[in-house]
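Enquirer: Chains as they are written, first to last, in the working numbering: chain A, 6 to 361; chain B, 27 to 372; chain C, 5 to 383. Backbone N, C-alpha and C fix where the C-beta goes; we use that ideal spot for every residue, glycine too. Computed from a predicted structure; not experimentally measured. Please find one structure pasted underneath; my questions will follow.
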Amino acid sequence: MDWRRFSVIALVIIILFSVVVLIGKTKDTPIVIITSLLATTIAVATPLTLGALSGIFCERSGVVNIGIEGMMLAAAFFGWLAAIYMNTIFKIAPLPSLIAGVVAAILTGGLFALLHAMLSITYKVDQIIGGTVINILAVGITGFMNRQLFFEKGSIFGGQVPHAPGVLPRIQIPFLADIPVMGRIFDQQPLTIAAILLVIVSHYVLFHTRWGLRTRAVGEHPRAADAVGINVIFMRYANVIIGGFLAGLGGAYFTLESVPSFEPLLTNGRGFIALAAMIFGNWSPFGAWAAALVFGASQAFQIKLQLFREVIPAQWAFLQNAYIVGLAPYILTMLILTGIIGKTTPPAADGVPYEK
Amino acid sequence: MLKKLYFVLALVMVFALVLPACAPAAPDCTKQDVFCVGLVTDVGKIDDKSFNQSAWEGVQKAKEDGIATVVQYIETTDSKDYDKNISTFGDAGYDVIVTVGFALGEATDAAAAKYPNVKFIGVDQFQAEDVPGVAGLNFPEDQAGFLVGALAAMMSKSHKIGSVLGTDAVPPVWRFGEGYRAGAAYADQEMGTTTEVFVVYHNDVGFDKTFVDPEWGAATANSMIDQGADVIFGAGGKTGNGAVTAAAQRGVYAIGVDTDQYYTLPEAAPRMLSSAMKLITPGVYDLIKMAKEGSFPSGNYFGQAGYAPYHDLENEVPAEVKAKMDEIAAGLLDGSITTNVPPVKP
Amino acid sequence: MESNEEQEARRESSFQKRLKSAGSAMLVPVLAVLTAMLVGAVVILMAGGNPLYAYLGLFQGAFGSAKAWSETAVWATPYIFAGLAVALAFKGGLFNIGAEGQLALGAVVAAWIGYALPDMLEISLPAIIHLPLAIILGVLAGALWAAIPGALKAYTGGHEVINTIMMNYIALNMVSFLLNGPMKDKNPNNVIARTPEIAESARIPVIFEGFRIHWGFVLALIVAAIVWWLLWKTTLGFEIRTVGANPDAAKYAGINVKRTIILTMAMSGLLAGMAGAIEVSGLNYRHELGFSIGYGFDAIAIALLGKTHPLGVVLASILFAGMRNGGTRMQFLTQIPVDVISVIQALILLFVAADAIIRYIYRVRAREERLVLTRGWGG
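Right, dumping it as structure tokens:
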């Protein structure tokens, strides 16, 4: 593992948090501030983490996927739709409806990934085009269906947004959540916890199983892999679809865990940020997670600074400006990426269609 | 291969020639007895559960009540299309055109000069000077914000309250936010309390994102709650809705905006304390009716603003708070209480 | 068989040959557009609309009158510039997702020169100096903004996809800051985050009185021709394409790969900046927050649909512009949501990309050429 990368990331997060604590210390105790920052960071990093994991599986097998944004958007919509459908049409209780929604979101991600796999593996369409197709298609389909189902009179929902079954309930991790104050960090919703577990699982699968070995072989030297009897086409299809499932879970975060509503374009470019996190983390699950946490931390940083706007000292007045504070995560990313860590190395055969 | 292309192109030509013949006849809006109302949205969707949709509901109500014969909307996808979209209705002989959002103000005034026989209703368009044929439908959002701000301050046990809003570049949003702050300060003064008010505008994204980012709204509301806030006011389209639902989910008081969101955000209903309301739908409806009756006003027309009932939380609100709220509402109405919030951000 | 065809081909004049190759190059996109519209028709039917009527509205709104043509050209102008920007970068093996930010910066700089310069110098500038100055500085802003990720790619290996995304956010934040603060129109009636109007001398004149189509559209066509000339008739163009096709080979051939990457990104940003500058000086006469939403994204689709060829980009831009422009009339006539247009556009791109589907349906033989843009993320 790349310790330099992780220590830089940790340093950045510590600096961000320290600034907030220094400013906010007149208003609240450091422990409360840090707890809240950490809780926000972990929660908002969830879709980025899952999106980045999705990208890792695709790209480790040699398929570039810039369609994560579209997959998450479509999954957010269809997952939410399924949950509402179960709840209002079939009169199923909220929690099972939500779980059905999560399953639907995962399958939606998988379905879009299948399309990407067919385009890029079977038809050997340029993979960036395939991803762009998915992004645009998702915007069109979700926008159109959202309109047809929830606005036009005479649709199955009568042109109204029906009562949503709510969001996935919080889970208090036993013992840890009982710690006073700090326990808030361990009081999270299921997809956030799942994302963290999936980081560990993904790392294990990719680096400690035969499946992972084969996946990486296919992404690095497909010809050599083929020569030793690995089915390159199958491995790529399977990994792209696994990636789709993960992106779908990331999409579910938006409408089933964060807020119980769907808005056109609600993913707001987070699929691309996830892509950045993947590269930032050098195509490794822990690296990508750490990178996603940096983005999460900077969002938490921004939110908290705005709460403490009145007590920002005069010499730091620039921090009162949301636009300037808003620049921080992006500049940091570029600095970290180019200045300190240097080159990232993608899988060798990433983006290259395999021809026998 | 070329032959195929020519064949296809020829087919397209034939198609294009034949097509106009099969167009169904639409009601003719240029006729005197056909009263047509068109609506042009701001860059945004008609189903935004916010001001575009509320205005459209007012138009639809006019049709249901037999005031308008034909109602139609066009969604603007880019600000450079404002003129074109308004002209589409103007050229078709529409009688009333509703333009939604302050950004359409100039395009509306220009169109009023071009179509002198058309009545224009500009929602959220403050008229600095009267333009014949244009009625700007405005609301005292600062008063609505003031009311819920006072309510929040009186109901808070931790004496920390929060507000999550869209961008302050939009004057009505800014008036809601500053009104909230002023209302809380007023309640403090009356009650002898000190309330800490968090007011956060969603400024750090593009204009297209600021009202449609519920996840940011939820994260911000959660962060305020972590900090001890126990009342959250969400104002700013979907962004605000995200804050309201997140607050309800965490079990603190939630305050909605624009309409009585007890009905539009059912998942937050059990914790919905009130809503800062601006009644766009009846405002648009009334102006359409006036246009039909020939009593259409020019200049600014002020719609109503206020706060919504407590609904499920009726029993949690102490009687003295209810009385105080009635007192403040009356004071704002007769002018004995002022919010001191200017119409636009200085 | 094959030798027969070859002999036949030799007999044809070079013009005919060109026509034929252009025709066969266009066959698949044309069929893709038609197929996408057929699928779109089914979607409209399912939504309870009349597809014929809807398409009539779309066609009328896009090309049905002189005014419709003018409006379509107005929409097409920024599309052509931004599409060329993305296409040029693709030719050099670079993926510029940052057109949006470069465009916004170009617009903001052109607007600033347009409204502030006469006041600062306290003289009224003649149009012959003021207008070109506004455009050139706007364009340079875009070029510089894009050159940064180019340089980072060349010297540190930082990937341009991440860096252009990051720089998009930075540019949009900066523009928001400027338009809400220092550059905001101080007119007391103004509440919108936008700059003051630019001076008359910084405006591009319209072509026909009474229509909004301005000379920027003609400039877009000229620039498309220049990009074609640059790519296929100059040494620099050869170097760009070689680096794009195979950077290692380019290095061995003695091409300065680093310099070429930076130049390609700078030129790409230049074109994107031009999209913004021309939109300000030719159409809006000011920069307003949020006017450029989605242009960078559409530009990627246009570059792909146009197969990264300048002529293809122009045609794809006009098609997309017609759809966006005609969408208004379609919605007016039928109340079909404009989102249908996005569905159709995605399908067009899908069918153009997966031309195997189209070839299978219409039994069209495959052409040997295949568009390759992706070479992974590797530096």
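Pop quiz: C/VAL356 and C/VAL32 are said to be a contact at Cβ under 8 Å. What is the actual Cβ separation, rounded to whole angstroms?
Expert: Yes, they are in contact, since the Cβ atoms of C/VAL356 and C/VAL32 sit about 7 Å apart, within 8 Å.
Enquirer: Using the Cβ count rule (16 or more neighbours within 10 Å means buried), how would you classify C/GLU6?
Expert: At C/GLU6, the pLDDT of 48 sits below 50, so the modelled position is not reliable; the number obtained from the coordinates is stated separately. It is exposed - the Cβ of C/GLU6 has fewer than 16 other Cβ atoms within 10 Å.
Enquirer: By the three-class DSSP mapping on this structure, what secondary structure does B/ASN164 have?
Expert: Looking at B/ASN164 - three-state DSSP - the assignment turns out to be strand.
Enquirer: Return the residue from the list B/PRO158, B/SER76, B/ASP360 and B/TYR141 that minimises the CA-CA distance to B/ASN326.
Expert: Ranking B/PRO158, B/SER76, B/ASP360 and B/TYR141 by Cα distance to B/ASN326 puts B/PRO158 first.
Enquirer: Where does A/MET6 sit, in a helix, a strand or coil, going by DSSP?
Expert: Confidence in A/MET6 is poor, its pLDDT being 48 and thus under 50, which makes the residue's placement unreliable; the coordinate value appears in the next sentence. DSSP places A/MET6 in coil when its eight states are reduced to three.
Enquirer: Does any residue of chain C have a CB that is nearer than 8 Å to the CB of B/ILE100?
Expert: B/ILE100 counts as touching chain C.
Enquirer: Helix, strand or coil for C/GLY382, going by three-state DSSP, please let me know.
Expert: Annotation note: pLDDT 46 at C/GLY382 (below 50); position unreliable, coordinate value reported separately. If DSSP states are grouped into helix, strand and coil, C/GLY382 belongs with coil.
Enquirer: Report the three-state DSSP secondary structure of A/SER41 (helix, strand or coil).
Expert: Helix, per DSSP.
Enquirer: Opposite A/LYS96 in the DSSP bridges: which residues?
Expert: None; A/LYS96 has no bridge partner.
Enquirer: Determine, using beta carbons only, whether C/LEU354 comes closer than 8 Å to chain A.
Expert: Interface residue, yes.
Enquirer: List the residues of chain C that B/ASP107 touches, going by C-beta distances under 7 Å, in chain order.
Expert: Correct list: THR332.
Enquirer: Is the distance from the Cβ of C/ALA325 to the Cβ of C/THR76 below 8 Å?
Expert: Yes; because the gap between Cβ atoms is below 8 Å, this pair is in contact.
Enquirer: C/ASP189 versus chain A: which residues are under 9 Å apart at the beta carbon?
Expert: Here the premise fails: no neighbours, minimum Cβ distance about 18 Å.
Enquirer: Determine the contact status of C/LYS95 and C/GLY331, defining contact as a CB-CB distance below 8 Å.
Expert: Not in contact: C/LYS95 and C/GLY331 (Cβ atoms no closer than 8 Å).
Enquirer: On the three-state DSSP scale, how would you describe B/TYR120?
Expert: In this structure, B/TYR120 counts as coil in the three-state DSSP scheme.
Enquirer: I'd like to know whether the C-beta of C/VAL43 is nearer than 8 Å to at least one C-beta of chain B.
Expert: No, because no Cβ of chain B sits closer than 8 Å to the Cβ of C/VAL43.
Enquirer: So with CB distances below 9 Å, who are the chain B contacts of C/GLU75?
Expert: Those within 9 Å of C/GLU75 in chain B are ASP107 and LYS110.
Enquirer: Counting pairs of Cβ atoms below 8 Å between the stretch 310–320 of chain B and the stretch 145–159 of chain B, do you hit three or more?
Expert: The stretch 310–320 of chain B vs the stretch 145–159 of chain B: in contact.
Enquirer: Residue range of the beta strand (DSSP E) that A/PHE267 falls in?
Expert: Premise fails: A/PHE267 is in no beta strand (DSSP E) and is neither H nor E.
Enquirer: Using a C-beta to C-beta distance shorter than 9 Å, which residues of chain B count as neighbours of A/GLY171?
Expert: Result: THR271, GLN275 and GLU293.
Enquirer: Contact criterion: CB-CB distance below 8 Å. Does B/ASN78 meet it with respect to chain A?
Expert: No, B/ASN78 does not count as interfacial toward chain A.
Enquirer: Would you say A/GLY56 and A/ALA252 are within 8 Å of each other, going by their C-beta atoms?
Expert: Result yes, Cβ atoms of A/GLY56 and A/ALA252 sit closer than 8 Å.
Enquirer: Could one say the Cβ of A/ARG10 lies closer than 8 Å to chain C's Cβ atoms, at least one of them?
Expert: For A/ARG10, the answer is no, since every Cβ of chain C falls outside 8 Å of its Cβ.
Enquirer: Roughly how many whole angstroms lie between the Cα atoms of B/SER113 and B/VAL85?
Expert: The alpha-carbon atoms of B/SER113 and B/VAL85 are separated by roughly 18 Å.
Enquirer: Classify C/PRO130 as buried or exposed, calling it buried when 16 or more other Cβ atoms lie within 10 Å of its own Cβ.
Expert: With fewer than 16 other Cβ atoms within 10 Å, it is exposed.
Enquirer: Are A/PRO358 and A/SER59 closer than 8 Å when you measure CB to CB?
Expert: No, they are not a contact pair.
Enquirer: Taking three-plus beta-carbon pairs below 8 Å as touching, is the stretch 34–50 of chain A in contact with the stretch 293–309 of chain A?
Expert: Judged by Cβ distances under 8 Å, the stretch 34–50 of chain A makes contact with the stretch 293–309 of chain A, as three or more pairs qualify.
Enquirer: Using three-state DSSP, classify B/CYS62 as helix, strand or coil.
Expert: Reduced to three states, the DSSP call for B/CYS62 is strand.
Enquirer: Quick one: grab the DSSP three-state call for B/ILE187.
Expert: Strand, per DSSP.
Enquirer: Could you name the residues that DSSP lists as bridge partners for C/GLU201?
Expert: None, per the DSSP bridge assignment.
Enquirer: Hey, out of C/SER69, C/LEU135 and C/ALA103, whose CA is closest to C/PRO82's CA?
Expert: Residue C/ALA103 is the option with its Cα nearest to C/PRO82.
Enquirer: Closer than 7 Å by beta-carbon distance: list the chain C residues that pair up with A/VAL130, in chain order.
Expert: Residues of chain C passing the Cβ test: ALA357 and ALA358.
Enquirer: Is there a Cβ from chain C that is less than 8 Å from the Cβ of A/PHE144?
Expert: For the sequence presented, residue 144 of chain A should be read as Val rather than Phe. Cβ-Cβ to chain C under 8 Å: yes for A/VAL144.
Enquirer: In chain C, which residues lie with their C-beta within 8 Å of the C-beta of B/THR114?
Expert: THR332, ARG333 and PHE336, listed in chain order.
Enquirer: Does any C-beta atom of chain B lie closer than 8 Å to the C-beta of C/VAL342?
Expert: Yes, contact with chain B.
Enquirer: Here's the rule I'm using: 16 or more other beta-carbon atoms within 10 Å means buried, otherwise exposed. How should B/ALA154 be labelled?
Expert: Burial call: exposed.
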